[in-house]
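Asker:
Residue numbers (our numbering): 4 to 443.
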């Protein structure tokens, strides 16, 4: 598909290089509006034996082919590895391919276009045929000195636009959880492990003041689900209160912000603050570092960002990573699992570097015959978890704060069985920044 993008883009340049690939497009990182491009038509005519250049315009087209090759290669080199170039090419394809699909190009023009596309393919795709994500990286990529913090504040939130909002749990899940993609126009860069604040519209009933900021862990890498670097994603569970007297949800006690987010549709405005937080950042300086991720429910959000960065997207971190990323997720039942299809894909593609374990409290039993909670699942692998931490691994906890007492009691019990002082052990992990907690 990449080849089709490149050739189609070169075809457009052939017709109108000064519009499609002007020098200003290189410096701004943008291409001409697809609507403008769609109004252009190639100087090709169809005949029984394919397409040929109209003789009266042969010399002009030849010059344009040369300019297209130079311009396209220049742009490719200037934006080497940057997804915006690939995305722009995709837009071109959407407009141009319907016009040129099935067209047979003359040998000379085909060679020129192929040359331009070949140079661009090597620059943009590194010869691999896959877009690389590296245009939002620090230098070096693991340096955390430039982590963005509090770009948008509560008194002046950034207004983003919802791109999509969808339920991501099955019908038997305990509650509703949604994945919401928001356009921030590239104005709110963030790193994996950070959070965005959301200010619900309207005012509080009790005093008429604006609603307070509610923090949500970001469920996308810095490049966003569309790889453009201009979107973010949130994983939100609708907060409702079941009233035993009414035997129904009490709307007066429903979570204002979570219900607002779960009710959004494409085009709705969302007020964002942040990004905030550095506690949950990935330690990338040593690519052999093991990462143990423990989550309950929507606490999975930052780990989706981690996994996408380390395995799914073609980032410098992905290219370098040699450690083990181990995900533990606790939910009520199979229908409540979040992003399972994504985890399974990564597990299939990286069996030596990604591990996955679920704790399904209503479907599984622990070693004592009780319900399987997240601490029980981690305890099953206690020896290995402790060994990995002793070797410099990092452990993360994210989810409802009620998860931590059970986790800590389990870890204390394991320490006692190993004749280790829990307090000293924990102090050691914290001093080496191997212990990361974000609960709410």
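Quick reminder that beta carbons are idealized off the backbone N, C-alpha and C, glycines included.
Computed from a prediction, not measured in an experiment: that's the story for all the values here.
(1) I'd like the span of the alpha helix (DSSP H) that includes residue 378, first residue to last.
(2) If we count the other Cβ atoms within 10 Å of its Cβ and call it buried at 16 or more, is residue 162 buried or exposed?
(3) Work out the CA separation of residue 378 and residue 405 for me, nearest whole Å.
(4) Please go through the same chain and pick out, in chain order, the residues whose beta-carbon is closer than 7 Å to the beta-carbon of residue 212, but skip the five residues on each side of it.
(5) So is residue 311 buried or exposed if we call it buried at 16+ other beta carbons inside 10 Å?
(6) Name the DSSP bridge partner or partners of residue 3?
(7) Count the other CB atoms within 10 Å of the CB of residue 420; is the residue buried (16 or more) or exposed (fewer)?
(8) What's the C-alpha gap between residue 387 and residue 314?
(9) In angstroms, rounded to a whole number, what distance separates the CA positions of residue 389 and residue 219?
(10) Identify every residue that forms a DSSP beta bridge with residue 235.
(11) Name the residue from 376, 294 and 345 whose alpha carbon lies nearest to the alpha carbon of residue 332.
(12) Could you round the C-beta distance between residue 156 and residue 276 to whole angstroms and report it? I think they count as a contact, below 8 Å.
(13) Please report the Cβ distance between residue 398 and residue 439, rounded to the nearest whole angstrom; I am assuming they are in contact, meaning their Cβ atoms lie under 8 Å.
(14) So, at 6 Å on beta carbons, what are the nonlocal neighbours of residue 436 in its own chain, with the 5 sequence-adjacent residues on each side left out?
(15) Can you have a look at residue 373 and say buried or exposed, based on whether 16 or more other CB atoms are within 10 angstroms of its CB?
(16) From 266, 284 and 324, pick the residue whose C-alpha is nearest to that of residue 293; which is it?
(17) Between residue 2 and residue 141, what straight-line distance do the alpha-carbon atoms span, to the nearest angstrom?
(18) Should the region 261-268 be regarded as contacting the region 334-350, the criterion being three or more beta carbon pairs within less than 8 Å?
(19) Starting from residue 399, trace the beta strand (DSSP E) in both directions and tell me its first and last residue.
(20) Do you know how far the Cα of residue 358 is from the Cα of residue 384?
Answerer: Looking at the atomic coordinates:
(1) Against the chain shown, residue 378 aligns to sequence position 375. From DSSP, the alpha helix (DSSP H) with residue 378 extends over 377-383.
(2) Position 159 of the chain shown, counting from 1, holds the residue named residue 162. Exposed: under 16 other Cβ atoms inside 10 Å.
(3) Within the chain shown, residue 405 is the residue found at index 402, counting from 1. Within the chain shown, residue 378 is the residue found at index 375, counting from 1. So the two alpha carbons sit approximately 12 Å from each other.
(4) Within the chain shown, the letter at position 209 stands for residue 212. So the list reads 206, once near-sequence residues are dropped.
(5) Residue mapping note: residue 311 aligns to position 308 of the chain shown, counting from 1. Residue 311 should be labelled buried.
(6) Missing from the structure shown is residue 3; the chain here goes from 4 to 443 and no further.
(7) For the purposes of this step, residue 420 is identified with residue 417 of the chain shown, where counting begins at 1. With a threshold of 16 other beta carbon atoms within 10 Å, residue 420 falls short and is exposed.
(8) Within the chain shown, residue 387 is the residue found at index 384, counting from 1. Within the chain shown, residue 314 is the residue found at index 311, counting from 1. When rounded, the distance between both Cα atoms is 22 Å.
(9) In the chain shown, counting from the first residue as 1, residue 389 sits at position 386. In the chain shown, counting from the first residue as 1, residue 219 sits at position 216. Each residue's alpha carbon lies about 30 Å from the other.
(10) In the chain shown, counting from the first residue as 1, residue 235 sits at position 232. Residue pairing by DSSP places residue 235 opposite 185 in a beta bridge.
(11) On the chain shown, position 329 is the one that residue 332 refers to. Checking every option, the nearest Cα to that of residue 332 belongs to 376.
(12) Here residue 156 refers to the residue found at position 153 of the chain shown. Here residue 276 refers to the residue found at position 273 of the chain shown. Right, the Cβ-Cβ distance comes to about 6 Å (below 8 Å), so this counts as a contact.
(13) Along the chain shown, one-based indexing puts residue 398 at 395. Along the chain shown, one-based indexing puts residue 439 at 436. Confirmed, Cβ separation roughly 7 Å.
(14) Position 433 of the chain shown, counted from the start, is the residue given in the question as residue 436. The beta carbon of residue 436 is closer than 6 Å to none in its chain, skipping five residues each way along the sequence.
(15) Start at 1 with the first residue of the chain shown, and residue 373 comes out as number 370. The residue in question, residue 373, is exposed, as its Cβ has fewer than 16 Cβ neighbours within 10 Å.
(16) Within the chain shown, the letter at position 290 stands for residue 293. The candidate whose alpha carbon is nearest that of residue 293 is 324.
(17) No information on residue 2 is available, as it lies outside the stretch 4 to 443 that the chain covers here.
(18) The answer is no - the region 334-350 does not touch the region 261-268, with fewer than three Cβ pairs under 8 Å.
(19) As a working note, residue 399 is residue 396 in the chain shown. Residues 397-402.
(20) Sequence index remark: in the chain shown, residue 384 carries index 381 (1-based). Sequence index remark: in the chain shown, residue 358 carries index 355 (1-based). For residue 384 and residue 358, the distance between alpha carbons rounds to 12 Å.
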